[in-house]
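Visitor: For the sequence shown, the UniProt record's numbering gives the first residue as 1, with consecutive numbering after it. Just so it is clear, CB atoms sit at the ideal spot from N, CA and C, and this is done for glycine as well. The structure's right below; bear with me while I get my questions together.
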Amino acid sequence: MLHVSRLLRSRAPSSLARQPSSSLLPSMATRAFTSKAATDDQSWMGYGFGAAALLLAGGASMNQTDNCGIVGVVSKHQEANTFLLEGLTILQNRGYDSAGMATSKHDGGLPITVTKFASVQGTADSINLLRETKDDHAKNTVGIAHTRWATHGGKTDENSHPHLDQNKRVAVVHNGTITNYNELKNELVEAGVKFSSQTDTEVIAQLIGQIMNEGADCLTATRLALGRLEGTWGLCVMARDEPGKVIVARNGSPLCIGYGSNSMYIASETTAFTRHTKRFLSLQDGEVAVVKADTAELNPTHPDDLTTLQRFPTSRLGTAPDVKVRLSPAPFPHWTIREIMEQPKAVASSLGYGGRVSDDHVYLGGLEAEKDKMLKIKHLLISACGTSLNAGKYGAKIMRTLGAFDSVSAEDAGECTNERLPRHDGGLLVVSQSGETKDVHRVLQLQGAQEMPMFSVVNSVGSLIARTTKCGVYLNAGRENAVASTKAFVTQVTVLGLIAAWFAQNRPESVNRGKLDELIQSLHRLPITIGMALRTRAQCIEVAQKLMPSEHLFVLGKGYGEPIAYEGALKIKEITYLHAEGYSGGALKHGPFALIEGKEGQFGPTPIILVVLDDEHGHLMKTAAEEVRARGAYTIVITDNPAMCEGIADSII
């Protein structure tokens, strides 16, 4: 037997590490000062049409997308299965390919009931499979559930959460990554433990179970097991022999506790339980708590005190924002399509329905409150990940065009270190839809970041990043359910445009007033022009049908079209699972050109999507279109001036 003394060799938890269907429509926000046809709405609206085309083309053949997360409930009378399935359905914004739940009776007496499934048809049918087993969990009032996106171990039922120890005494669900799981697994295997999956999470369950075999209760075993883990976790633990409670712990992965009436709720995101209660607290890194039907108690983190419990101070309790949560995308077939169609309203909301921008002035209350500090920033770094990074790159171009700062750059938060932060007169702007992106939050903890003004653009009110920066601008886009970001991206670009205008108007000595006025007028028109762009769905489906035989494609753009190309390629990857890469139009001969095939290719001609604007880069992009077409590529041009692209493309949007 593997003794506790061996399991508990001193090992301090490591420092934390660890995150986002948008469209090309944001270019309309600044179209007024990127084109020679700045005053002609019809001449630049086509770019927005093309934006919708990219997404709707993907949507024409995609599967429904739902999401991942943790939910849990401890109650004396409420059946757990109903809440758990509802919570998993609500948590639809991170993607998943498997789902499962574990439940037990409040007073024990029976084994833990576990049902879990990997998706079969696509990525999202596992919750539907789980619903079919709802009756297996009838009358059980304590439970935990999870949706998983395969990382450690393939997409199989065995690798789905919850995971049990080999004696089926402990059930665990976990978000995060355990970086030393192989080392721990080898130790457990040497001790005779038999594993049934290839995941890092099962190591946690087996480790807790093995310590309990030595006589420890579940709380003590969990605390001791956490001392061996390296990496990040938000986890829930149930024990067969200790009914009526769930042990929760956080280290780098969000976890919240909701205070209900005769029931307590657990979730990785508060929206999972706000239909039942809005009173909640957010666990802090390093905390372990015991959740019962009527209370949650904190286990102090002192290493010599593994059993003491104390009530959380009432000052820790907060009120979750009142977010309207839909359980279905109806009448639309997919969340992505629904949220594409919601973009006019989302952008109007980001503009404050006119409250944030007048005819010649932008008002942002979050920045006005820190105006003196904000205006000291001369060199700005924008830090973000994924879709938010693409929005940040677009926003940086707007800021440079207006002369809002002496210098602006956008960096991937996962690569950001102290050395990349501005040294003098610097400021940090972080962008995150969820407000919980781990890599982005890590940047805020850098020593250099602590010494400079920082602010944020987030969608989730009261989120971790919003609380950390204490200054910024909310997107007000409404909850985003789809895995592929749509309305968050377009509203991020909109808000970054507002921020650029706010800084520019407060620096009259350096601002290009003409371009500022053009930007403000374009922002006013944006909700209407997006709505007009969305009328091109039939065109989009036609293009999508032509793309379906392809296995890979490229998206090219330059100037304002470059970040749009990156985002368009990302959307195609996320929605259609085709290989797609975005490149600067000027980089054509530095990689993509060598991979272009004509009709003789295995999958036919390589599709190339080009964003061709009627601006200073238009001539180069037209040349690029002609070059790839000469190689036999199937070319799709997205443009604000179709006349200038006649004869250079197979399809023009």
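1) Determine the contact status of V473 and I530, defining contact as a CB-CB distance below 9 Å.
2) Kindly identify the DSSP beta-bridge partner or partners of Y259.
3) Going straight from the alpha carbon of L164 to that of L235, what length do you get?
4) Run through DSSP, which three-state label would F603 get?
5) Taking DSSP as the reference, what is the three-state secondary structure of A410?
6) Determine the contact status of I377 and G448, defining contact as a CB-CB distance below 9 Å.
7) What number of angstroms, rounded off, separates the C-alpha of V483 from the C-alpha of H276?
8) For P313, does the count of other Cβ atoms within 10 angstroms reach 16, so buried, or fall short, so exposed?
9) In the DSSP assignment, the alpha helix (DSSP H) including residue 684 goes from what residue to what residue?
10) Given this structure, state the Cα-to-Cα distance separating T469 from E436, to the nearest angstrom.
11) Which partner residues does K397 have in the DSSP bridge list?
12) Any idea what DSSP makes of G286, helix, strand or coil?
13) Does DSSP classify A145 as helix, strand or coil?
14) Name the DSSP beta bridge partners of K278, please?
15) Count the other C-beta atoms from every protein chain shown that fall within 10 angstroms of the C-beta of D439, then say buried if there are 16 or more, exposed otherwise.
16) Can you tell me whether L110 is buried or exposed? The criterion is at least 16 other CB atoms within 10 Å of its CB, across all chains shown.
17) In chain order, which beta strand (DSSP E) runs of at least 3 residues are fully inside the stretch 509 to 575?
18) Which of helix, strand or coil does DSSP assign to Q210?
19) Go through its chain and collect everything with a Cβ distance to Q445's Cβ below 7 Å, but skip five positions before and after it.
20) Check the DSSP bridge columns for Q310 and list the partner residues they point to.
21) Specify whether the stretch 384 to 393 and the stretch 358 to 367 touch according to this definition: at least 3 beta carbon pairs, one from each stretch, less than 8 Å apart.
22) Taking the C-alpha atoms as reference points, what is the distance between I648 and E339?
23) In the DSSP assignment, find the unbroken alpha helix (DSSP H) run with T468 in it and report its ends.
24) Using C-beta distances below 7 Å, list every residue in its chain close to P453, excluding the 5 sequence neighbours before and after it, in chain order.
25) Identify the residues that DSSP records as bridge partners of S349: which are they?
26) So, is M28 buried or exposed, given that buried needs 16 or more other C-beta atoms within 10 angstroms?
27) With three or more C-beta pairs closer than 8 Å as the rule, is the stretch 545 to 563 touching the stretch 605 to 612?
28) Distance, Cα to Cα, K573 vs C218?
29) Mark T103 as exposed unless 16 or more other C-beta atoms lie within 10 angstroms of its C-beta, in which case mark it buried.
30) How should E242 be labelled, buried or exposed, when 16 other C-beta atoms within 10 angstroms of its C-beta is the threshold for buried?
31) Identify whether N175 lies in helix, strand or coil by the three-state DSSP scheme.
32) Does DSSP classify N476 as helix, strand or coil?
33) Can the beta-carbon of G478 be found closer than 9 Å to that of S349?
34) Between which two residues does the alpha helix (DSSP H) holding S126 run?
35) Secondary structure at Y363, three-state DSSP: helix, strand or coil?
36) With 16 as the cutoff for other CB atoms within 10 Å, does Y577 come out buried or exposed?
Guide: Taking the geometry as given:
1) no
2) M264
3) 13 Å
4) coil
5) strand
6) no
7) 25 Å
8) exposed
9) The chain is shown only over 1 to 653; residue 684 falls outside these bounds and no answer can be derived.
10) 12 Å
11) K397 is not bridged to any residue.
12) coil
13) strand
14) DSSP output for K278 lists no bridge partner at all.
15) buried
16) exposed
17) 552 to 557
18) helix
19) none
20) L298
21) no
22) 33 Å
23) 464 to 469
24) K373, M374, K376, I377, G427
25) S349 pairs with nothing; no bridge assigned.
26) Because the pLDDT at M28 is just 36, under 50, the model does not fix this residue reliably, and the value given afterwards should be weighed accordingly. So M28 counts as buried.
27) yes
28) 43 Å
29) buried
30) buried
31) strand
32) coil
33) yes
34) 126 to 131
35) coil
36) exposed
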